[in-house]
Amino acid sequence: MLIRILKNSFLKRPKSVLLVLLSITMGAAVATAFLGIAGEVSHKMALELRSYGANILLEPTALEGGGYLREDDLPKIKTVFWKYNITGFTPYLFGVADLAAAGRHERSVVAGTWFSKEVQVPGEESTEQGIKGMAPWWDLKGRWPEAADEAIVGAALARRLKLVQGSELAATVRGTVQRFRVCGVVTTGGFEEEQLFAPLVTVQQLLGQQGKISRVLVSALTVPMDDFGRKDPSTMTKDEYEKWYCTAYVTSVAKNVEEVMSGSRAKPIWQIASAEGALLTKLNAVMLLLTLLALGASATAVSTSLMASMAERSPEIALMKAMGADRFQISSIFLGEILIISVVGGLIGYLIGNQLAALISHTVFNSTIASPLWLIPMAVGSAFLVACAGSIAPLRRALLIEPVRVLKG
Amino acid sequence: MAVATIETSGLTRSYGEICALKPIDLSVPEGEWLSVMGHSGSGKSTLMNLVGGLDRPTAGALVVGGQDLSTLTEDGLARFRREYVGIIFQQHHLVPYLSALENVMLSQYFHSVPDEAEARHALERVGLGHRLKNRPGELSGGEQQRVCIARAIINSPKLLLGDEPTGNLDHKSTLMVMELLKELRAEERFTVVMVTHNEEVAAWGDRTIYLTDGVLVREERTRS
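Order-wise, the sequence lines are chains A and B.
Read in order, the letters of the first sequence are residues 1 to 409 in UniProt numbering.
Read in order, the letters of the second sequence are residues 1 to 224 in UniProt numbering.
In structure tokens:
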């Protein structure tokens with residue numbers, strides 16, 4: 001009988017039903033779209049943030065062996081548990097050299113590094129590593145070094161030594177002289193503007209430190225730090241340690257990298273990791289808030305539509321009450337209607353939300369996305385919650401209807 | 001002497017400062033057909049609503065079928081209405097989007113379990129066996145009222161209330177409806193309280209009470 005009542009009720013009042021269905025569908029669609037792209041947005045934002053600097057610094061643990069790391073350990077970084085989260089790394093070897101150019105002399109820091117080097121790891125695709133990929137904000141006038149005797153110089157150093165693209169300079173370290181041709185001048189806004197950057201192998205020869213590096217900057221996709229992530233791993237139980245190790249906290253990724261670089265100590269660069277974590281946390285909060293606001297707006301629309309419908313149906317409700325329907329029976333009819341509309345609205349909302357998410361992803365990130373199937377029960381569930389929330393006031397009004405007043409002859 | 005189905009003592013109903021029903025003492029024996037007459041605003045519908053558990057008294061005692069209605073909760077009153085009372089309205093008040101059969105089954109649904117065969121039989125008893133699938137809009141006034149009667153009797157009520165049940169009907173339909181009620185009452189043996197301002201309709205009852213401005217002014221036995 002309930003089915004007959006619901007079926008006929010829907011067929012008799014298609015306009016009211018469609019209004020409620022539309023409100024619920026909109027809420028479910030927006031919730032699906034936002035939740036569908038939330039993961040994508042976080043991932044893309046994290047990738048964007050990764051292009052603004054490394055978040056892990058690898059340094060030698062002690063001064064033994066000259067306080068250096070081994071260059072041939074570097075490919076191992078792409079073999080660790082979190083290898084797919086490591087978006088790039090750049091080795092550095094620092095030394096102080098006497099620079100001479102066009103009659104000007106200055107002692108300055110010389111940095112040997114990879115600008116863009118292909119790294120091949122067995123069983124993995126080759127990747128390009130180096131400054132070029134990790135520091136896209138560097139403003140380079142000229143081009144990146146390609147030959148072993150080419151270098152780029154920081155803007156401040158270039159001004160003092162009157163260096164421009166095409167200039168030549170000599171670097172001398174303990175009697176070893178290396179001639180460089182300047183192929184670019186770089187502005188970074190930081191200490192790099194005081195340095196000369198040359199291919200790692202050249203600087204290793206100049207400094208007499210073949211195969212050695214001073215530090216490695218690593219850029220990794222990580223999750224925002226929380227209280228658990230901040231715990232000292234040495235105080236954790238075995239289970240806690242496993243959970244920590246298997247979560248992409250910047251600390252656990254750093255630990256991961258540290259394990260494969262012999263004699264190294266990995267430290268998160270906290271000002272970057274923290275800012276990044278805070279930004280991602282806020283971004284997720286904004287997405288959640290927008291979803292809740294959309295659902296709230298939808299519930300309000302449902303409530304308004306149902307209120308109007310309730311006024312239209314008050315004689316019917318009064319009659320049911322006069323015939324002896326109690327509050328449970330009246331409620332079950334309305335909740336039955338709401339349940340059916342919610343399921344239909346949730347499914348339609350999922351389909352629309354899926355397309356909306358794809359559109360947003362394509363427009364903003366130029367990528368494709370498919371909403372996961374778990375969003376279907378989520379869409380239907382949120383539609384039902386919206387419908388229930390929107391039904392509270394109308395249902396309350398229905399239960400307060402007095403048959404005597406409404407059915408008065 | 002028959003057991004009283006309805007027993008009131010000092011029954012009063014006020015709406016703010018307006019007293020729609022002044023203290024009234026009334027006893028209706030089981031199986032009696034009581035007609036309630038009076039002009040508009042005399043309190044007859046108020047009395048019927050109180051007796052049917054559709055409204056609550058402001059003061060006084062009201063016992064129907066052994067139940068003190070003033071002590072029942074909202075859901076208790078709803079249970080009382082569905083288990084004890086059948087109501088026929090002047091405006092029919094049928095659910096417009098349900099067929100005649102479904103309107104009768106709706107009453108069964110709220111009472112217990114819908115039984116299509118039983119509902120069909122009830123409509124056949126009121127002469128509407130050929131109108132089962134028709135919706136209220138497709139029925140005449142007299143036919144709609146007969147659907148109302150079928151709906152009112154489907155759960156075998158002990159008390160049948162009629163609020164001007166023939167008020168919107170022509171003379172021929174009125175006679176048809178009254179004959180039908182008389183037959184059904186003879187078969188089902190329910191008590192009838194019927195509000196009307198039509199002397200002819202009131203004469204179908206065993207007793208008629210007259211209300212004026214909420215006061216029971218007189219009563220007369222219309223049938224021995």
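Positions of the beta carbon are idealized from the N, C-alpha and C atoms, including for glycine.
Which residue from B:Gly31, B:Lys133, B:Ser40 puts its Cα closest to that of Gly65 of chain B? Here the closest residue by C-alpha is B:Gly31.
Cutoff 7 Å: Met105 of chain B Cβ touching any chain A Cβ: Cβ-Cβ to chain A under 7 Å: yes for Met105 of chain B.
With 7 Å set as the bound, which would you pick, yes or no: does the beta-carbon of Pro14 of chain A sit closer than that to a beta-carbon of chain B? By this cut-off, Pro14 of chain A is not an interface position.
Considering only the alpha carbon of each residue, which of A:Gly27, A:Arg327, A:Ile77, A:Glu106 lies closest to Thr127 of chain A? A:Ile77
Are three or more beta carbon pairs between the region 13-25 of chain B and the region 56-73 of chain B nearer than 8 Å? Taking a cut-off of 8 Å for Cβ pairs, the region 13-25 of chain B and the region 56-73 of chain B touch, as three or more such pairs fall below it.
How long is the line joining the alpha carbons of Glu124 of chain A and Ser298 of chain A, rounded to whole angstroms? The straight-line gap from Cα to Cα measures roughly 48 Å.
Evaluate Phe328 of chain A with the Cβ neighbour count: other Cβ atoms within 10 Å of its Cβ, from every protein chain shown; 16 or more gives buried, anything less gives exposed. exposed
Residue interval of the alpha helix (DSSP H) (run including Arg207 of chain B): Premise fails: Arg207 of chain B lies in the beta strand (DSSP E), 207-212, not in any alpha helix (DSSP H).
Whole-angstrom Cβ separation of Leu395 of chain A and Ser331 of chain A, contact assumed at under 8 Å? With 8 Å as the limit, Leu395 of chain A and Ser331 of chain A qualify as a contact, their Cβ atoms being about 6 Å apart.
Straight-line gap, Leu159 of chain B to Trp374 of chain A (C-alpha atoms, nearest Å): The alpha-carbon separation between Leu159 of chain B and Trp374 of chain A amounts to approximately 55 Å.
Interface flag, Val95 of chain B vs chain A, CB-CB below 7 Å: yes
What are the residues that DSSP puts in a beta bridge with Gly95 of chain A? A:Val110
So Ala101 of chain A packs on Leu196 of chain A, CB below 8 Å; how close in whole Å? About 10 Å; that fails the 8 Å criterion.
Return helix, strand or coil for Cys183 of chain A, following the three-state DSSP convention. strand
Check the DSSP bridge columns for Lys267 of chain A and list the partner residues they point to. A:Leu57
Just to confirm the assignment, what range does the beta strand (DSSP E) spanning Lys22 of chain B have? 18-29
Top-ranked residue by Cα proximity to His92 of chain B, from B:Leu184, B:Leu211, B:Gly141, B:Ser107: The shortest CA-to-CA distance from His92 of chain B to any of B:Leu184, B:Leu211, B:Gly141, B:Ser107 is the one to B:Gly141.
For His111 of chain B, go through chain A and note every residue whose CB falls closer than 9 Å to its CB, in chain order. Met323, Gly324
Residues, ordered as in the chain, of the region 36-51 of chain B that lie near chain A by beta-carbon distance below 9 Å: Ser45, Thr46, Asn49
Give a yes or no on whether the minimum CB-CB distance between Arg81 of chain B and chain A is below 7 Å. Chain A, which has a Cβ nearer than 7 Å to the Cβ of Arg81 of chain B, makes this yes.
Under 7 Å between C-beta atoms, does Val20 of chain A make it to chain B? Val20 of chain A does not count as touching chain B.
With DSSP collapsed to three states, give me the class of His105 of chain A. strand
What residues from chain A crowd round Leu54 of chain B, counting only those whose CB sits closer than 9 Å? Going along chain A in sequence order, the residues near Leu54 of chain B (Cβ under 9 Å) are Lys321, Ala322, Glu402, Pro403, Val404, Leu407.
Using a Cβ-Cβ distance under 7 Å, would Glu40 of chain A count as near chain B? no
May I have a chain-ordered list of the alpha helix (DSSP H) segments no shorter than 4 residues that lie completely inside the UniProt domain "ABC3 transporter permease C-terminal" (290-402) of chain A? 327-360, 375-399
For Lys243 of chain A, does the three-state DSSP call read helix, strand or coil? Helix, per DSSP.
In or out: Glu74 of chain B buried (at least 16 other Cβ within 10 Å) or exposed? exposed
Would you say Ala150 of chain B and Ala122 of chain B are within 7 Å of each other, going by their C-beta atoms? yes
Is the CB of Met1 of chain A under 7 Å away from at least one CB in chain B? yes
Whole-angstrom C-beta distance between Gly27 of chain A and Gly349 of chain A, which should lie under 8 Å: 7 Å
Quick one: residues in its chain with C-beta nearer than 6 Å to the C-beta of Leu11 of chain B, no 5 flanking neighbours on either side, listed in chain order? Taken in chain order, the residues that qualify are Ile24, Pro57, Gly60, Leu62.
With a CB to CB cut of under 7 Å and the five nearest residues on each side skipped, what residues in its chain are close to Ala198 of chain A? Val110, Gly112, Pro145, Ala151, Phe180
Counting C-beta neighbours from all protein chains within 10 Å, is the total for Gly129 of chain B 16 or more, i.e. buried, or is it exposed? So Gly129 of chain B counts as exposed.
Is there at least one Cβ from chain A nearer than 7 Å to residue 230 of chain B's Cβ? The structure shown does not extend to residue 230 of chain B, since chain B is modelled only from 1 through 224, so no value can be given for it.
Chain B within 7 Å of Glu312 of chain A, Cβ atoms only: no
Interface residues of chain D around Pro315 of chain A at Cβ under 8 Å? Of the chains in the structure shown, none is chain D; the protein chains are A and B.
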